[in-house]
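Sequential numbering of the sequence shown, starting at 1030, is according to the numbering used here.
Glycine included, each C-beta is placed from N, C-alpha and C at the ideal position.
None of these values were measured; they are calculated from a predicted model.
Okay, structure first, notes after.
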Amino acid sequence: MRTGWADGPEFVTQCPIRPGGSYTYRFTIQGQEGTLWWHAHSSWLRATVYGALIIRPRLGESYPFPKPNLETPIVLGEWWDANRIDVVREATRTGAAPNVSDAYTINAQPGDLYKCSSKDTTIIPIDAGETNLLRVINAALNQPLFFAVANHTLTVVGADATYIKPFTTSVLMLAYNDTNTVTAYSRSFRSPRNVQVPTEIDESLFFTVGLGLNNCPPNFRRSRCQGPNGTRLAASMNNVSFMLPRSISLLQAHQQGIPGVFTTDFC
């Protein structure tokens, strides 16, 4: 699962799945156990196309903590009344930030204050004295989210398919694309397993991911420059922004030495 060839971003690591097409992802899990999640990686389709990916202990093996009475995935997300693709296209056209979501969701339901497919919000029944292993996932597009259970303390036992030294907290802060496993934050996570990592660095790489402001081009109407002070927002890495190719992925072009995709010599 740690290969970049199937990470998913369209025209970055692979070409997108076309309408009516299919893609089979075969993978081997190595050294991971706990909670991950999957999602679409084309534009904003991942706003609704996602789900939990749970890696359980091997048969005959147990958790490194007392077995819980229940296990419940809790997927936090966002909902737009408008078509999500239209939202991001409008942001690209105007140069402004995308419209904020109309609601937050828990397991795809926005709660009692919204008209939705379920009569009630998410309900997780549990009896006194029982322990519920909550697999909490932040599937929101652009928002860190906080998770807490009223009048309860949470014991965090894992993060991103890795067990950690348990610690207690009253609230979890989950960055987007983040997972935590809790039963019922510490300054640092500590794993109960020894991990072999390189101690000598061959090459040091420094990356800065930022959000800049571009001046409105003279030939643009004001409707296309709705960022702060009449500018256009532009994401960048090391102060360089680019347009994605439309016929072949960057990774494939780099691997096969295909010119004219990133630069003429792809360097």
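DSSP three-state label for residue i, please.
{"i": "threonine 1134", "result": "strand"}
{"i": "serine 1051", "result": "coil"}
{"i": "serine 1265", "result": "strand"}
{"i": "serine 1215", "result": "For serine 1215, the predicted model reports a pLDDT of 35, less than 50, meaning its position is unreliable; a value from the coordinates is still stated below. Note: serine 1215 maps to coil in three-state DSSP."}
{"i": "valine 1165", "result": "strand"}
{"i": "valine 1116", "result": "helix"}
{"i": "arginine 1209", "result": "It should be noted that the sequence gives asparagine, not arginine, for residue 1209. Looking at asparagine 1209 - three-state DSSP - the assignment turns out to be strand."}
{"i": "glutamine 1255", "result": "coil"}
{"i": "glycine 1241", "result": "strand"}
{"i": "proline 1127", "result": "coil"}
{"i": "glycine 1089", "result": "coil"}
{"i": "leucine 1065", "result": "strand"}
{"i": "threonine 1299", "result": "Outside the displayed span of the chain (1030 to 1296) sits residue 1299, for which this structure offers no information."}
{"i": "tryptophan 1109", "result": "coil"}
{"i": "alanine 1076", "result": "helix"}
{"i": "alanine 1157", "result": "coil"}
{"i": "proline 1102", "result": "strand"}
{"i": "glycine 1187", "result": "strand"}
{"i": "glutamine 1043", "result": "strand"}
Based on Cα-Cα distance, which residue from the options lies nearest to residue i?
{"i": "leucine 1099", "options": "Thr1210, Gly1286, Thr1228", "result": "Thr1210"}
{"i": "valine 1041", "options": "Glu1062, Trp1067, Asp1115, Ser1071", "result": "Ser1071"}
{"i": "isoleucine 1193", "options": "Thr1184, Ser1199, Leu1201, Val1200", "result": "Thr1184"}
{"i": "alanine 1168", "options": "Glu1107, Trp1073, Met1272", "result": "Glu1107"}
{"i": "phenylalanine 1012", "options": "Leu1162, Ser1199, Ala1188, Thr1160", "result": "For residue 1012 there is no data in the structure shown, the boundaries of the chain being 1030 and 1296."}
{"i": "tyrosine 1054", "options": "His1068, Ser1276, Glu1062, Leu1105", "result": "His1068"}
{"i": "tryptophan 1073", "options": "Phe1094, Trp1109, Gln1061, Gln1059", "result": "Trp1109"}
{"i": "proline 1274", "options": "Gln1285, Val1290, His1283, Met1266", "result": "Val1290"}
{"i": "alanine 1126", "options": "Val1116, Thr1134, Ala1132, Tyr1133", "result": "Val1116"}
{"i": "alanine 1188", "options": "Ile1135, Asp1036, Leu1203, Ile1058", "result": "Leu1203"}
{"i": "lysine 1148", "options": "Ile1155, Ala1137, Asp1156", "result": "Ala1137"}
{"i": "isoleucine 1103", "options": "Ile1135, Gly1050, Trp1066", "result": "Ile1135"}
{"i": "serine 1091", "options": "Glu1062, Arg1075, Arg1113, Leu1105", "result": "Glu1062"}
{"i": "phenylalanine 1243", "options": "Thr1121, Ala1035, Gly1037, Thr1208", "result": "Residue identity check: residue 1243 is asparagine in the sequence provided, not phenylalanine. Comparing Cα positions, the closest option is Thr1121."}
{"i": "alanine 1111", "options": "Val1238, Asn1128, Leu1105", "result": "Asn1128"}
{"i": "aspartate 1036", "options": "Tyr1205, Trp1066, Thr1228", "result": "Trp1066"}
From which residue to which residue does the alpha helix (DSSP H) around residue i run?
{"i": "alanine 1081", "result": "First-last for alanine 1081: 1079-1084, but that is the beta strand (DSSP E), not the alpha helix (DSSP H)."}
{"i": "threonine 1237", "result": "Looking at the DSSP string, threonine 1237 is not in any alpha helix (DSSP H), and its letter there is neither H nor E."}
{"i": "alanine 1069", "result": "Premise fails: alanine 1069 is in no alpha helix (DSSP H) and is neither H nor E."}
{"i": "alanine 1177", "result": "Looking at the DSSP string, alanine 1177 is not in any alpha helix (DSSP H), and its letter there is neither H nor E."}
{"i": "alanine 1282", "result": "1279-1285"}
By Cβ distance, which residues of its chain are closer than 7 Å to residue i, with the 5 residues on each side in sequence left out?
{"i": "alanine 1264", "result": "Leu1240, Ser1270"}
{"i": "glycine 1140", "result": "Thr1150"}
{"i": "isoleucine 1114", "result": "Ser1072, Trp1073"}
{"i": "tyrosine 1052", "result": "Ile1046"}
Just to confirm my understanding: we take residue i, look at its own chain, exclude 5 residues before and 5 after, and list those with CB closer than 6 Å. What are they?
{"i": "serine 1215", "result": "Below a pLDDT of 50, predicted positions are generally treated as unreliable, and serine 1215, at 35, falls in that range; the measurement from the model is reported next regardless. Closer than 6 Å at Cβ, skipping near neighbours: Phe1196."}
{"i": "asparagine 1171", "result": "none"}
{"i": "proline 1038", "result": "His1070"}
{"i": "alanine 1132", "result": "Trp1108, Pro1139, Tyr1143"}
{"i": "phenylalanine 1094", "result": "Val1186"}
In chain order, what residues of the same chain have a beta carbon less than 8 Å from the beta carbon of residue i, not counting five sequence neighbours either side?
{"i": "cysteine 1245", "result": "Gly1124, Arg1251, Arg1253, Cys1254, Gly1259, Thr1260, Arg1261"}
{"i": "phenylalanine 1236", "result": "Met1266, Asn1267"}
{"i": "threonine 1182", "result": "Thr1197, Thr1198, Ser1199, Ala1213"}
{"i": "valine 1226", "result": "none"}
{"i": "leucine 1105", "result": "Tyr1133, Thr1134, Ile1135, Val1165, Ile1166, Asn1167, Ala1168, Ala1169, Leu1174, Phe1176, Leu1203"}
Going by DSSP, what residue range makes up the beta strand (DSSP E) through residue i?
{"i": "leucine 1170", "result": "Where leucine 1170 is concerned, there is no enclosing beta strand (DSSP E), given that its DSSP letter is neither H nor E."}
{"i": "leucine 1203", "result": "1201-1203"}
{"i": "leucine 1142", "result": "Here leucine 1142 belongs to no beta strand (DSSP E), and DSSP marks it neither H nor E."}
{"i": "phenylalanine 1196", "result": "1192-1198"}
{"i": "valine 1290", "result": "Where valine 1290 is concerned, there is no enclosing beta strand (DSSP E), given that its DSSP letter is neither H nor E."}
{"i": "glycine 1037", "result": "It is not in any beta strand (DSSP E) - glycine 1037 carries neither H nor E in the DSSP assignment."}
Inset, instruction - For the region 1249-1257 and the region 1226-1236, state whether three or more C-beta atom pairs, one from each stretch, are separated by less than 8 Å. - result: no
Inset, instruction - Could you tell me whether the region 1085-1105 touches the region 1149-1161, using the rule of 3 or more Cβ pairs below 8 Å? - result: yes
Legend entry - Segment contact, 8 Å Cβ cut-off, at least three pairs: the region 1033-1048 with the region 1080-1099: no
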